[in-house]
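Numbering-wise (the numbering used here), the sequence shown opens with residue 5 and increments by one.
To start, the structure itself, in structure tokens.
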Amino acid sequence: MGAETTPRTGIRVLYVDDDRSLLEATKTYLEARFDDLSVETTASAVEAMARIDDGTFDVVVSDFQMPEMDGLELLKRLREGRKEDIPFIIFTGKGREAVAMEALNLGANRYLQKGGDPTAQYGLLAQTIEQEAHHHWTRTALQQREKDLRITLDSIGDGVIATDQNGHIQRMNVVAEELTGWDREAAIGLPLEDVFTIEDTRTGAPRESPVVGVIETETKLDLAEDTVLRSKDGTERYIADSAAPITDESDAVVGVVLIFRDITDRYVEKCRQERQREVVIDLATDEALVEGRLEYASRRITEMSAETLGSDRSSVWLFDDDGSTLECIDLYDRSAREHGSGSTLSTEQYPSYFEALANHRAIPAVNARTDSRTAELCNSYLEPLGITSVLDATIRCCGEVVGVLCNETGGAPREWKEDEIRFAGELADQIVIALHGQEQRNQKKDLERANQRLEFLFRQSPMAVIEWTLDFEVARWNEAAIELFGYTAEEAIGRHAEFIIPHSSRASVDEVWERLMNANRAEHIVNRNVTKSGAEIDCEWHNRAILDDSGETVSVLSFVQDITEQRRQTWQLQAIAERTQDAIYIKDLEGRYEFMNEAGARYLELTPREVVGRTDRELFATEEDMLPVDRWILEHEEPKIVEERHVIDGAEHVFMSEKYPYYDDTGRLVGLVGISRDVTDRAAVDDLLDVFHETMTDSSLGSAERVELLIGTLSESLEATSAQLCSIDVDAGTHEVVVSVGETDVASEGTVRPLGQTICQRVVAEETVVATYASELAESNGGAMITTPATGSYVGAPVYVDESLWGVVCFLDESETPTELTEERSAMVELLADWLGHELTESRYEAELERRDRLARNLAELLSNDLERTLREAQGQLERARTKEVNGDFDALDQTLESSVSLLGEAAALVAAARRGDREETAIE
5 MGAETTPRTG
15 IRVLYVDDDR
25 SLLEATKTYL
35 EARFDDLSVE
45 TTASAVEAMA
55 RIDDGTFDVV
65 VSDFQMPEMD
75 GLELLKRLRE
85 GRKEDIPFII
95 FTGKGREAVA
105 MEALNLGANR
115 YLQKGGDPTA
125 QYGLLAQTIE
135 QEAHHHWTRT
145 ALQQREKDLR
155 ITLDSIGDGV
165 IATDQNGHIQ
175 RMNVVAEELT
185 GWDREAAIGL
195 PLEDVFTIED
205 TRTGAPRESP
215 VVGVIETETK
225 LDLAEDTVLR
235 SKDGTERYIA
245 DSAAPITDES
255 DAVVGVVLIF
265 RDITDRYVEK
275 CRQERQREVV
285 IDLATDEALV
295 EGRLEYASRR
305 ITEMSAETLG
315 SDRSSVWLFD
325 DDGSTLECID
335 LYDRSAREHG
345 SGSTLSTEQY
355 PSYFEALANH
365 RAIPAVNART
375 DSRTAELCNS
385 YLEPLGITSV
395 LDATIRCCGE
405 VVGVLCNETG
415 GAPREWKEDE
425 IRFAGELADQ
435 IVIALHGQEQ
445 RNQKKDLERA
455 NQRLEFLFRQ
465 SPMAVIEWTL
475 DFEVARWNEA
485 AIELFGYTAE
495 EAIGRHAEFI
505 IPHSSRASVD
515 EVWERLMNAN
525 RAEHIVNRNV
535 TKSGAEIDCE
545 WHNRAILDDS
555 GETVSVLSFV
565 QDITEQRRQT
575 WQLQAIAERT
585 QDAIYIKDLE
595 GRYEFMNEAG
605 ARYLELTPRE
615 VVGRTDRELF
625 ATEEDMLPVD
635 RWILEHEEPK
645 IVEERHVIDG
655 AEHVFMSEKY
665 PYYDDTGRLV
675 GLVGISRDVT
685 DRAAVDDLLD
695 VFHETMTDSS
705 LGSAERVELL
715 IGTLSESLEA
725 TSAQLCSIDV
735 DAGTHEVVVS
745 VGETDVASEG
755 TVRPLGQTIC
765 QRVVAEETVV
775 ATYASELAES
785 NGGAMITTPA
795 TGSYVGAPVY
805 VDESLWGVVC
815 FLDESETPTE
825 LTEERSAMVE
835 LLADWLGHEL
845 TESRYEAELE
855 RRDRLARNLA
865 ELLSNDLERT
875 LREAQGQLER
885 ARTKEVNGDF
895 DALDQTLESS
905 VSLLGEAAAL
915 VAAARRGDRE
925 ETAIE
């Protein structure tokens with residue numbers, strides 16, 4: 005929405021003069037000579053007032069001396085409120101200077117004197133009329149654009165300040181007023197640092213105005229996240245900020261635009277989450293916990309849980325052997341700093357609560373006394389102990405609930421945050437590790453299995469995990485590190501850290517390394533890093549020194565995550581409406597669009613002008629002109645953030661929308677402003693991850709069922725016509741289809757082909773995800789297809805079992821309009837490949853364990869039955885022989901001993917088979 009910015013054609017003029025003959029002559033002459041002028045006349049200033057009120061005129065031309073009301077009085081009344089901005093030209097035969105001065109003082113735009121050559125006189129009058137009309141239109145358009153820009157800026161959730169090249173404030177929006185505490189009228193013209201006072205969170209020292217850096221570099225700059233904005237009244241807020249140059253038509257920097265937002269809540273949340281991560285890392289590297297000292301682990305975990313979550317009580321409960329009773333093995337009272345144990349809860353007493361534990365990963369009960377999942381505990385447990393809110397995280401081992409980590413608070417009901425719920429689950433997982441450690445100390449096989457689990461967690465951690473030697477060289481490098489930095493494990497292991505540290509960050513990294521080597525157990529740092537492609541990213545590092553029994557550092561473990569996007573603020577003043585990829589729009593009270601930016605209009609394949617005037621009913625598959633959420637915002641006059649789903653061109657799009665009411669200059673509600681971001685791919689990934697997690701944790705499914713269900717689910721999400729899980733024999737060069745989903749015309753289960761005739765050969769050769777269109781393959785092969793299908797797309801990922809390539813999972817689309825190969829879809833295929841590798845690994849170990857159990861049972865039966873009976877017979881025959889003559893009959897004894905030797909041979913064969921299994925398992929490990 006905005007005013008017209010180009011001059012209109014056709015100028016309507018009202019000419020007022022008591023000389024009627026002059027009126028008609030002037031009208032005739034002007035309209036005959038000048039096509040764009042339309043002249044209406046009146047001999048009365050009083051009538052002129054009425055005409056101006058009723059009609060639309062671009063310019064008023066008036067004589068000075070007239071009966072009833074002269075030209076100056078007419079001008080005065082117009083300027084006093086009727087048409088105060090309409091161009092007004094005094095056209096009179098009186099040439100007195102005093103009249104001209106008074107007319108100009110009253111607001112006349114021009115003063116012209118009659119007389120002289122008519123052609124020159126009316127030519128000058130026409131030129132003056134056109135000039136004043138065009139000037140008026142331009143002023144009106146600029147005022148409207150200024151109004152629209154002000155409305156847009158005041159509707160944005162971020163603070164916006166614009167300065168000139170000297171750093172003096174020229175513009176502020178409402179949010180900037182709120183965050184700085186300054187009224188914009190008072191702030192205009194002041195140096196930015198007088199209003200925008202920022203400090204370093206850690207040192208409290210003032211930070212340099214971002215204007216200086218932008219002017220010097222003529223590029224966009226970002227503030228560090230640990231920046232505090234101190235408002236006029238002393239209020240401190242954590243902010244995220246970016247500053248960008250404002251350029252004129254010649255690209256000269258004429259000012260700076262500063263966009264910032266209050267991230268205090270996010271910063272507090274970040275600090276809370278940092279503390280949570282530190283606790284998890286600390287526990288994960290606690291040797292006593294990993295070794296399975298359960299009493300110590302439980303006490304440490306309950307203390308960490310209560311202190312980090314701020315709960316009054318934290319406790320660990322474990323099921324007994326038959327799963328009917330929960331017993332408290334440790335309870336920590338934070339206020340008294342005391343530990344206890346021994347309480348029990350039985351399934352018979354609390355069936356609904358135990359059912360909830362079985363069906364939920366966590367139970368965040370805000371009001372535990374009324375929550376259906378925990379209400380059974382009210383009379384006997386919650387009320388006597390004064391407990392109001394409960395956060396229970398189930399302790400799960402091999403898909404089964406074996407206990408619960410419980411956090412309890414009294415007083416007012418407490419809303420548990422998502423990160424707190426996740427953190428409680430992570431602590432519950434630490435108890436699982438402790439339980440495994442306890443079993444591992446008693447059984448070597450359990451210890452080996454726990455080590456494999458830890459290695460799996462290392463490889464599959466969503467954070468990059470790197471282990472360093474004392475020479476600061478890579479010792480281990482997980483999949484997330486490969487994704488983050490672009491180097492494979494083979495490329496990274498053995499290299500000094502300098503290969504991912506730019507020169508600008510080396511000094512600070514060296515300081516951290518020195519502290520870690522001097523027995524400082526943990527260090528946190530945020531610094532720049534460089535990827536294999538040469539791109540620089542911002543990374544958050546949590547480093548922990550790994551100590552041996554004597555307290556000496558033996559290695560360093562680092563948990564790394566990319567925070568580049570968190571630190572980057574991309575909003576700029578001009579990009580707010582014109583360059584952002586988010587849809588920005590304004591609707592009136594009836595739900596009709598008054599404005600939409602280019603990014604929003606592109607979704608509809610329309611221009612912004614074509615969108616204006618339409619409603620959502622006309623643009624989307626909805627039944628109402630105004631969406632319910634829009635109606636709610638206008639009725640309550642409150643902003644709202646909502647997820648919206650719209651069908652555009654037959655496809656559903658998911659948008660995360662922020663909507664705000666907006667008002668005109670008088671404070672009257674005139675509509676709403678919206679900012680919508682397309683999160684369709686992210687929503688699809690989240691939905692798919694939920695399905696994957698539900699499938700992987702469904703203990704009722706067999707391994708083969710889970711594999712086929714996971715492949716089929718992703719195939720549907722990708723809209724692929726077929727999907728395959730193929731085993732690969734690199735040495736033999738063969739490719740066998742193990743699982744086939746969807747259309748199987750290309751290759752059904754059991755089909756074996758030469759590896760070189762499949763697209764999967766590229767996955768095997770490159771050992772990474774391959775996403776390509778068949779047309780691209782043809783181009784790379786001189787125009788000839790190297791495999792079928794002849795059209796469509798392909799995406800495949802390697803599947804590893806015990807770190808060795810097992811095969812490939814791939815998805816094919818044979819349609820003429822193949823599946824779009826986005827990064828998110830390739831990432832989903834890679835994630836599925838990782839999960840399939842884990843599933844195949846578990847299946848292999850389960851089969852091996854079953855084989856060993858079978859051998860052990862056969863050996864035990866042989867030794868306990870046949871061999872024992874045969875040896876007893878031989879012993880009896882020897883006793884009887886001693887009582888007979890020396891040359892007695894020993895045939896029966898010989899037969900018995902031969903039978904015993906045969907049985908011993910069978911036992912030896914079983915032992916040899918078991919040893920072969922040991923060697924195979926050792927090779928696998």
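Just so you know, even glycine gets a beta-carbon here, dropped at the ideal spot from N, CA and C.
This structure is a prediction, so every number in the text was calculated from the model and none was measured.
Look up residue i in the DSSP assignment and say whether it is helix, strand or coil.
i: W810; result: strand
i: M600; result: strand
i: G208; result: coil
i: Q280; result: helix
i: G14; result: coil
i: C730; result: strand
i: F95; result: strand
i: N785; result: Confidence at N785 is low in this model, with a pLDDT of 48, below 50, so its placement is unreliable and no value can be given for it.
i: V178; result: helix
i: Q442; result: helix
i: D423; result: helix
i: L577; result: Confidence at L577 is low in this model, with a pLDDT of 36, below 50, so its placement is unreliable and the value that follows should be read with caution. In the structure shown, L577 sits in coil (DSSP, three-state: anything other than H, G, I, E or B).
According to the Cβ coordinates, are residue i and residue j closer than 7 Å?
i: R532; j: S562; result: no
i: E496; j: W481; result: According to the sequence as given, residue 496 is Ala; it is not Glu. The answer is yes: Cβ separation under 7 Å.
i: D162; j: G259; result: no
i: V745; j: V812; result: no
i: V232; j: T205; result: yes
i: I435; j: I399; result: yes
i: Y491; j: K536; result: yes
i: V799; j: S830; result: yes
i: S707; j: S906; result: no
i: Y777; j: S752; result: no
i: F92; j: V64; result: yes
i: T30; j: Y19; result: yes
Can you give me the C-alpha to C-alpha distance between residue i and residue j, rounded to a whole angstrom?
i: P71; j: L78; result: 12 Å
i: V677; j: G671; result: 15 Å
i: E843; j: V803; result: 10 Å
i: E494; j: I486; result: 10 Å
i: E342; j: R317; result: 10 Å
i: D668; j: D592; result: 11 Å
i: T792; j: E253; result: At T792 the pLDDT is 47, less than 50, meaning the model places this residue with poor confidence; the figure from the coordinates comes in the next sentence. Taking the straight line from one Cα to the other gives about 54 Å.
i: D334; j: E419; result: 25 Å
i: H546; j: P195; result: 40 Å
i: M660; j: I637; result: 16 Å
i: E554; j: Q442; result: Here residue 554 turns out to be Ser, not Glu, going by the sequence shown. Roughly 22 Å between the two C-alpha positions.
i: D566; j: A369; result: 33 Å
i: A549; j: L313; result: 25 Å
i: A130; j: M73; result: 25 Å
i: A54; j: F38; result: 27 Å
i: T717; j: E723; result: 10 Å
i: I2; j: I679; result: Absent from the model: residue 2. The displayed extent of the chain is 5 to 929, so no value can be given.
So residue i and residue j are supposed to be a Cβ contact under 8 Å. How far apart are they, rounded?
i: L128; j: I94; result: 13 Å between Cβ atoms; not a contact.
i: G75; j: T96; result: 7 Å
i: Y607; j: F599; result: The pair is not a contact, with the Cβ atoms about 15 Å apart (cut-off 8 Å).
i: L409; j: L431; result: 6 Å
i: L816; j: L729; result: The Cβ separation is near 13 Å, so there is no contact.
Opposite residue i in the DSSP bridges: which residues?
i: H343; result: Y336
i: A247; result: L225, L262
i: A397; result: A366, L409
i: L676; result: K591, P665
i: N533; result: I541
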